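Just so we're aligned: 17 in our numbering is position 14 of the sequence shown, and the numbers increase by one with no gaps anywhere. We put the beta carbon where it would ideally sit given N, CA and C, even for glycine. Since the structure is predicted, the reported quantities are computational estimates derived from the model, not experimental observations. Presented below is the structure to which this report refers.
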Amino acid sequence: LKVWDHAKASAGLFASIEPPADINEIGIFPQSGLMIMATEQPRLHVYFVPALGPSPKWASFLDSLTEELEETQRSQIYEDYRFVTREELEQLGLT
């Protein structure tokens, strides 16, 4: 599923969601960022994109969850890795 901002014709891709199975139907809760997808799997897939809109009143916990995620500091993926050159690989006999 790819989402563009229809208000800005020149805008690029806004969001992209790839569920684990083919999509059959999409339901978007009005005036919110909540989407429900029926796919080729038995369970429904629910996605919340805060940039598209707030959570519905009955699911206000989603707003607090996203606020918590924004506040937590994430470490970089490669923080504990060391990148090596081809020469170093050859010295280690890994080529």
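Below 8 Å, too few C-beta pairs join the stretch 81 to 94 and the stretch 58 to 67 to call them touching: fewer than three.
Looking at the DSSP output, residue 62 sits in no beta bridge, so it has no partner there.
Contact between residue 97 and residue 62 is absent: CB atoms are separated by about 50 Å, not below the 8 Å threshold. For residue 16, the uninterrupted beta strand (DSSP E) segment begins and ends at 16 to 19. Comparing C-alpha distances from residue 47 to each of 28, 18, 4 shows the shortest one belongs to 28. In the displayed model, residue 4 falls within coil according to three-state DSSP, outside both helix and strand. Linking residue 40 to residue 49 through their CA atoms gives a straight-line distance of about 6 Å.
Considering only 24, 19, 26, 86, the residue with the shortest C-alpha distance to residue 51 is 19.
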